[in-house]
Structures are given as structure tokens and as C-alpha cells.
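Colleague: Would you mind keeping the following structure in view while I ask a few things?
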Amino acid sequence: MRKFLILFFMVLLSSCASAPSWEGMSESEISNWKDIGVTVEQVGTYVDAGLKPEQVKLWFEQGFNNANEIIPWALNKFTPEDAAGWKASGLSVEGAFQWASNKFSYSEAKMWRDENFELDDAIDNRAKGLSPVK
Numbered sequence: 001m002r003k004f005l006i007l008f009f010m011v012l013l014s015s016c017a018s019a020p021s022w023e024g025m026s027e028s029e030i031s032n033w034k035d036i037g038v039t040v041e042q043v044g045t046y047v048d049a050g051l052k053p054e055q056v057k058l059w060f061e062q063g064f065n066n067a068n069e070i071i072p073w074a075l076n077k078f079t080p081e082d083a084a085g086w087k088a089s090g091l092s093v094e095g096a097f098q099w100a101s102n103k104f105s106y107s108e109a110k111m112w113r114d115e116n117f118e119l120d121d122a123i124d125n126r127a128k129g130l131s132p133v134k
């Protein structure tokens, strides 16, 4: 019985230690997260990524609704508005990063891609002063 009680308390303590919490946040910070619909289970992911409630709210307003979607775009320095444009043009964060790194806007990338140009071909043709036929 003693072993059982020790095991029970160890499990109880470990589950308490790993449970999500609002610890370390002021009442106003907690309120700001709750106001945008972020739960205690979700908040740590956003905080660990360096995002604040007002930033996450902007992502929500652009149709991004979870940390798995938001964080990769945010960490690659996309604004919520730009990320929405890239996503609407059919590109993943990795693809968008490649096109954006080569000075293409999401609308330019979409034009080239709609005409079946890969990034390398678009770069070469643009350097020649060409653009896709509209």
C-alpha cells in the first residue's frame, strides 16, 4: 500500500508540473489572451514563439486559426496580411519564403505560377525583362 501511495503522489506531482498554466502572467495579459479565444492549453506555444496577444489577434483576423499555422509564417517574418496573400496564391510557408527571398510579391509569384513557371525560370525570365502573359 505504501508503494502505491508513493507512486500515486509521484504521478500527481508530475501531472501538476506539466499542466498548462497562466503562471507568470498578469491579470491583464491573461485577459488579453482569453479575449481573443486562446486557452491556457494554447498560450504557451504562442508565448514560446515570442508572439503577443495583439499579434495573434491579427493572424486570427486573416483566417489563420491555430499555432501550427501561425508560428511558421511568423517565424519566417511574414506579416499576417502577406502570409494570407501567399497562402491564397497556393504556396506553403517554405515556397513563399523562396519566392519572397527572390523579391517576388505573392501576386507576382501567382502570375508566374499560373503560367506554369518554376521559381528558377521566373527568375531567369524576369532578369531578361519578361513577364508572364496575362
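Heads up: the sequence shown begins at 1 in the working numbering, then just goes up one per residue.
Note that beta-carbon positions come from the ideal geometry of N, C-alpha and C, so glycine has one too.
These numbers were taken from a predicted model, which means no experiment stands behind them.
Could you tell me if K110 is buried or exposed, where buried requires 16 or more neighbouring beta carbons within 10 angstroms of its beta carbon?
Modeller: It counts as buried.
Colleague: With burial defined as no fewer than 16 other Cβ atoms inside 10 Å of the residue's Cβ, what is the status of P53: buried or exposed?
Modeller: Buried, by the Cβ-count rule.
Colleague: Which runs of the alpha helix (DSSP H) at least 4 residues long sit entirely within the region 43 to 122? Give them in chain order.
Modeller: With a minimum length of 4 residues, the continuous alpha helix (DSSP H) runs that stay inside the region 43 to 122 are 53 to 61, 67 to 75, 80 to 88, 93 to 101 and 106 to 114.
Colleague: May I have the straight-line CA-CA distance separating L87 from K57, to the nearest angstrom?
Modeller: Reading off the sequence, residue 87 comes out as Lys, not Leu. Going by the C-alpha atoms only, they are around 18 Å apart.
Colleague: For the region 98 to 114 against the region 76 to 86, are there 3 or more C-beta pairs whose distance is under 8 Å?
Modeller: Contact between the region 98 to 114 and the region 76 to 86 is present, because at least three Cβ pairs lie under 8 Å.
Colleague: Beta carbon of P72, beta carbon of E41: below 7 Å?
Modeller: No, the Cβ-Cβ distance between P72 and E41 is not below 7 Å.
Colleague: Start and end of the alpha helix (DSSP H) containing I30?
Modeller: That run of the alpha helix (DSSP H) goes E27 to D35.
Colleague: Is the beta carbon of P80 sitting closer than 7 Å to the one on W112?
Modeller: No; because the gap between Cβ atoms is not below 7 Å, this pair is not in contact.
Colleague: With DSSP collapsed to three states, give me the class of V133.
Modeller: In the structure shown, V133 sits in coil (DSSP, three-state: anything other than H, G, I, E or B).
Colleague: Return the CA-CA distance between V93 and E27, expressed in angstroms with no decimal places.
Modeller: V93 and E27: Cα-Cα distance of roughly 34 Å.
Colleague: Using a Cβ-Cβ cutoff of less than 8 Å, which residues in the same chain neighbour Q62 once the five nearest sequence positions on both sides are dropped?
Modeller: Closer than 8 Å at Cβ, skipping near neighbours: P80, E81, A83 and A84.
Colleague: Since I believe F78 is in contact with V96 (beta carbons under 8 Å), could you give me their beta-carbon distance rounded to a whole number of angstroms?
Modeller: In the sequence as presented, Val is not what sits at residue 96; that position holds Ala. That pair is a contact at about 7 Å.
Colleague: Please classify L51 as buried or exposed, where buried requires at least 16 neighbouring CB atoms within 10 angstroms.
Modeller: The residue is buried, with at least 16 neighbouring Cβ atoms inside 10 Å.
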